[in-house]
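Read through the structure below, which is laid out as structure tokens, and then see the notes.
In UniProt numbering, the protein residues as written are 1 to 220.
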């Protein structure tokens, strides 16, 4: 009896902590520009980004009862968008073309900023990074997330994110300085090989996140 009452009280407390539909809509609408920017940073394609945002909004609305008032709506929806993007990549292996602005922002505060960087070269160099470093740079550089927020999204420690960002930026600069870049003519084959390796890491990371999320739901 007492256990049942406790569960009921906990359920009522969860309901009190959830946003009303009106408040949820307002907070969700406020992050749409951020979702669009993040979607384009990930995919490099405006149309793909719009599709990602639309699906994210639908998924977020369907799961609105699980969002707790006072928590970070932007980080919560970014996780949804990121997971959907990775799922789409696994299924279709699509690859977007990074625009110059996105590419430039990914190298914000690199080790050396006193020389001109050919953005097309940086775009190709980025694809040579390990997926965790690339993802960390996307979140912190292009996405504008704090290290703590990026760590929450990726499910790793803050120190790990900081290390990935630092190593990723250093690796990009080393690749650019060395000129060891695939030619545009052979880029298609090279990108396919890189994405195959990235997908292995993506699958592993996604499975770990899904397992943690399922455990959290079971605990609730």
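All C-beta atoms in this analysis are idealised placements derived from N, C-alpha and C, irrespective of residue type, glycine included.
With 16 or more other CB atoms across the displayed protein chains lying within 10 angstroms of its CB, residue 41 is buried. Annotation for residue 160: the continuous alpha helix (DSSP H) segment containing it runs 158-178. Distance check between residue 169 and each of 56, 69 and 136 places 136 closest, using alpha-carbon atoms only.
By the criterion of a C-beta distance shorter than 8 Å, residue 73 is surrounded in its chain by 27, 28, 30, 31 and 67, once the five residues flanking it on both sides are discounted. Residue 18 sits in a strand when the DSSP states are folded into three classes. In this structure, the CA atom of residue 161 is about 13 Å from the CA atom of residue 130.
Between residue 172 and residue 125, the CB-CB gap stays under 7 Å. Looking at the DSSP output, residue 68 shares a beta bridge with 18. With respect to residue 35, residue 56 sits close: the two C-beta atoms are nearer than 7 Å. Pairing residue 166 with residue 64, the inter-Cα distance amounts to about 35 Å. Membership of residue 153 in the alpha helix (DSSP H) is indicated by the continuous run 147-154.
For residue 140, the CB contacts under 6 Å within the same chain, skipping 5 residues up- and downstream, are 150 and 165 in chain order. Within the same chain, and ignoring the five residues on either side of residue 69 in sequence, the residues whose Cβ sits closer than 7 Å to its Cβ are 17, 18 and 19. For residue 32, the uninterrupted alpha helix (DSSP H) run begins and ends at 32-43, by DSSP.
Its chain contains 140, 158, 161, 162 and 165 as the residues whose beta carbon lies nearer than 8 Å to that of residue 147, once the 5 sequence neighbours on both sides are disregarded; these appear in chain order. Rounded to whole angstroms, residue 48 and residue 127 show a C-alpha spacing of 18 Å.
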